[in-house]
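Residue numbers (full-length UniProt numbering): 1 to 211.
Heads up, the beta-carbon is just placed ideally off N, CA and C, and yes, glycines get one too.
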């Protein structure tokens with residue numbers, strides 16, 4: 001479990017392509033300071049399991065399902081990535097509940113700089129549109145953001161200087177692909193309300209025969 005508050009920027013040191021997977025080695029400072037085999041670290045919003053830690057780097061395997069659903073399929077050596085360690089029970093929930101389970105990939109459409117912030121519009125896959133609402137939360141490349149505007153096929157977020165400086169969104173150009181994770185609470189509400197709306201079939205009447 002994560003909060004979408006990026007701890008640091010890491011650098012991809014090595015990418016090993018396998019027939020149905022990939023193995024990433026990431027250089028970091030804070031993220032590897034207490035990392036152990038089996039720990040979870042979010043890389044661009046994707047929850048990955050640490051399989052090795054050495055010399056200021058950690059290594060994680062990425063299965064084919066994750067590659068299909070995220071922008072990690074195009075990751076290359078030297079790329080910069082957002083990193084966040086799993087949430088400690090005693091930590092503050094500074095962003096929102098983020099699972100690290102990417103729902104789909106969007107693309108930066110346009111950037112509109114202002115004096116003290118920047119508006120970034122991102123294309124929204126149609127299958128995810130119903131989960132995104134104005135003033136709701138969404139994770140973009142693992143960054144917890146508030147939706148400032150939304151339409152049928154895109155949404156807009158407002159980025160403060162800190163977010164631009166300390167995350168990959170400060171470097172993303174129009175056309176760049178970004179990982180999207182919608183608010184998991186919205187998905188659960190949808191399923192529960194759909195179930196409640198279905199008519200309940202009457203139970204069959206049985207007659208007990210006493211002998």
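Problem set entry | Beta-carbon separation (whole angstroms), residue 87 vs residue 25, contact threshold 8 Å | Here residue 87 corresponds to residue number 87 of the chain shown, with the count starting at 1. Here residue 25 corresponds to residue number 25 of the chain shown, with the count starting at 1. Actually they are not in contact, since the Cβ atoms of residue 87 and residue 25 sit about 24 Å apart, beyond 8 Å.
For this session: Would you tell me roughly how many angstroms separate the C-alpha atoms of residue 43 and residue 148, rounded to the nearest one?
Result: To locate residue 43, count along the chain shown from 1; it is residue 43. To locate residue 148, count along the chain shown from 1; it is residue 148. Distance between the alpha carbons of residue 43 and residue 148 is about 25 Å.
Exercise. Pick from 133, 28, 192: whose alpha carbon is nearest that of residue 10?
Worked result: Here residue 10 is taken as the residue at index 10 of the chain shown, counted from 1. It is 28 whose Cα lies nearest to the Cα of residue 10.
Exercise. From the DSSP output, which residues share a beta bridge with residue 12?
Worked result: Taking the first residue of the chain shown as 1, we reach residue 12 at position 12. DSSP lists 26 as partners of residue 12.
Exercise. So, is residue 60 buried or exposed, given that buried needs 16 or more other C-beta atoms within 10 angstroms?
Worked result: Mapped onto the chain shown, residue 60 falls at position 60. Around the beta carbon of residue 60, a 10 Å sphere encloses 16 or more other beta carbons of the protein chains shown; the residue is thus reported as buried.
Exercise. What is the DSSP secondary structure of residue 130, reduced to helix, strand or coil?
Worked result: Here the question's residue 130 lines up with position 130 in the chain shown. Three-state result, residue 130: helix.
Problem set entry | Beta-carbon gap between residue 166 and residue 157 smaller than 8 Å | Here the question's residue 166 lines up with position 166 in the chain shown. Here the question's residue 157 lines up with position 157 in the chain shown. No, they are not a contact pair.
Problem set entry | Cβ pair count under 8 Å reaching 3, the stretch 78 to 94 against the stretch 41 to 58 | yes
Exercise. Between 97, 151, 172, 73, which lies nearest to residue 181 when the distance is taken from Cα to Cα?
Worked result: Within the chain shown, the letter at position 181 stands for residue 181. When each option's Cα is compared against that of residue 181, the closest is 97.
Exercise. When the distance is taken between beta carbons, is residue 105 closer than 8 Å to residue 122?
Worked result: As a working mapping, residue 122 is identified with position 122 in the chain shown. As a working mapping, residue 105 is identified with position 105 in the chain shown. No Cβ-Cβ contact shorter than 8 Å links residue 122 with residue 105.
Exercise. Can the beta-carbon of residue 103 be found closer than 8 Å to that of residue 124?
Worked result: Against the chain shown, residue 103 aligns to sequence position 103. Against the chain shown, residue 124 aligns to sequence position 124. In this structure, residue 124 does not lie closer than 8 Å to residue 103 by Cβ.
For this session: Would you kindly work out how many angstroms separate the C-alpha atoms of residue 161 and residue 137, rounded to a whole number?
Result: Translated into the one-based positions of the chain shown, residue 161 becomes position 161. Translated into the one-based positions of the chain shown, residue 137 becomes position 137. Spanning the two alpha carbons is a distance of roughly 19 Å.
Exercise. Quick one: what does DSSP say residue 165 is sitting in, helix, strand or coil?
Worked result: For the purposes of this step, residue 165 is taken as the residue at position 165 of the chain shown. Residue 165: helix per DSSP, three-state reduction.
Exercise. In chain order, what residues of the same chain lie with their CB nearer than 8 Å to the CB of residue 20, ignoring the 5 residues before and after it?
Worked result: For the purposes of this step, residue 20 is taken as the residue at position 20 of the chain shown. 63, 64, listed in sequence order.
Problem set entry | Simplified DSSP assignment, three categories, for residue 215 | An answer regarding residue 215 cannot be provided, because it is not within the stretch 1 to 211 covered by the chain.
Exercise. Helix, strand or coil for residue 6 per DSSP?
Worked result: As a first step, residue 6 is located in the chain shown; it is residue number 6 there, counting from the start. Assigned with DSSP and collapsed to three states, residue 6 falls in coil, not helix or strand.
For this session: Please name the residue, chosen from 139, 155, 175, 131, that lies closest to residue 189 on a Cα-to-Cα basis.
Result: Taking the first residue of the chain shown as position 1, residue 189 is located at position 189. The candidate whose alpha carbon is nearest that of residue 189 is 131.
Exercise. When we look at the beta-carbon of residue 31 and count the other beta-carbons within 10 Å, is it buried (16 or more) or exposed?
Worked result: Counting from 1 along the chain shown, the entry for residue 31 is found at position 31. Buried, by the Cβ-count rule.
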